[in-house]
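Colleague: Here it is, the structure in full.
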Amino acid sequence: MENTMQAIQQTHWTDLTAEQQAQLKALLLEADPSWEHISTYLFDAKIFVVCNAENECIAQLCLLENHDQAEIKNLTVADAFQGQGIAKALIRHAIAYAKQRSTASIIVKTGNSSLDQLALYQKCGFRMSHIEVDVFKDYPEAIYEHGIRCLDQVVLMIQLSQAE
Numbered sequence: 363m364e365n366t367m368q369a370i371q372q373t374h375w376t377d378l379t380a381e382q383q384a385q386l387k388a389l390l391l392e393a394d395p396s397w398e399h400i401s402t403y404l405f406d407a408k409i410f411v412v413c414n415a416e417n418e419c420i421a422q423l424c425l426l427e428n429h430d431q432a433e434i435k436n437l438t439v440a441d442a443f444q445g446q447g448i449a450k451a452l453i454r455h456a457i458a459y460a461k462q463r464s465t466a467s468i469i470v471k472t473g474n475s476s477l478d479q480l481a482l483y484q485k486c487g488f489r490m491s492h493i494e495v496d497v498f499k500d501y502p503e504a505i506y507e508h509g510i511r512c513l514d515q516v517v518l519m520i521q522l523s524q525a526e
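Going by my numbering, the first residue of the sequence shown is number 363, and it counts up by one from there.
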């Protein structure tokens, strides 16, 4: 990460200022356009944020813990900061955090058309677990990425006992 960024910080939604909440909300909505859906996990999630020198939230990862498994529910890096390794750093940080808490595995779910995300998670050690068919089929607006219609949800998993 560039010198203009602060270290990854762990926080909760209620610990953020109103301005930081607005910035984080914008990031969250980039990955999931449904605030209603985000609200189902946001208040229980561990939120890892990266801020710039002006203390603006430029990246985030929401991790929801459930017994011995955790799930990355949302991961976003602001457009201007993409390609700098921030997403990988957040994923590695979440893996280290979960290992420290003796979590057995982490899962993440993404669309079949999310090729960049599928590559990123696999580069970080996640493996494809299974596919949930037609999850996005009945969305009000069809989702297309890379010219591919997003219909299915791909579930990836990393077993933390095997993670580097």
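Glycine is no exception: its CB is placed at the ideal position from the N, C-alpha and C atoms.
Is VAL516 near THR472, with beta carbons less than 9 Å apart?
Modeller: Yes, the pair counts as a contact, with Cβ atoms nearer than the cut-off.
Colleague: Using three-state DSSP, classify ASN365 as helix, strand or coil.
Modeller: Per-residue confidence for ASN365 stands at a pLDDT of 47, beneath the threshold of 50, marking its modelled position as unreliable; the derived number appears in the next sentence. If DSSP states are grouped into helix, strand and coil, ASN365 belongs with coil.
Colleague: Which one of LEU390, LYS450 and GLN431 has the shortest CA to CA distance from CYS419?
Modeller: Selected option, being the one with the closest Cα: LEU390.
Colleague: Ends of the alpha helix (DSSP H) at ILE453?
Modeller: 448-462 is the extent of the alpha helix (DSSP H) around ILE453.
Colleague: Below 7 Å CB to CB, which residues in the same chain sit around ASP406 once its five sequence neighbours on both sides are set aside?
Modeller: LEU426.
Colleague: Check whether the Cβ of LEU391 sits closer than 8 Å to any heavy atom of the ligand ZN, and report yes or no.
Modeller: Absence of the ligand ZN from the depicted structure is noted, as is the absence of any ligand whatsoever, leaving it without description.
Colleague: Give the straight-line distance between the Cα atoms of TYR501 and PRO395, rounded to the nearest whole angstrom.
Modeller: Approximately 11 Å between the Cα atoms of the pair.
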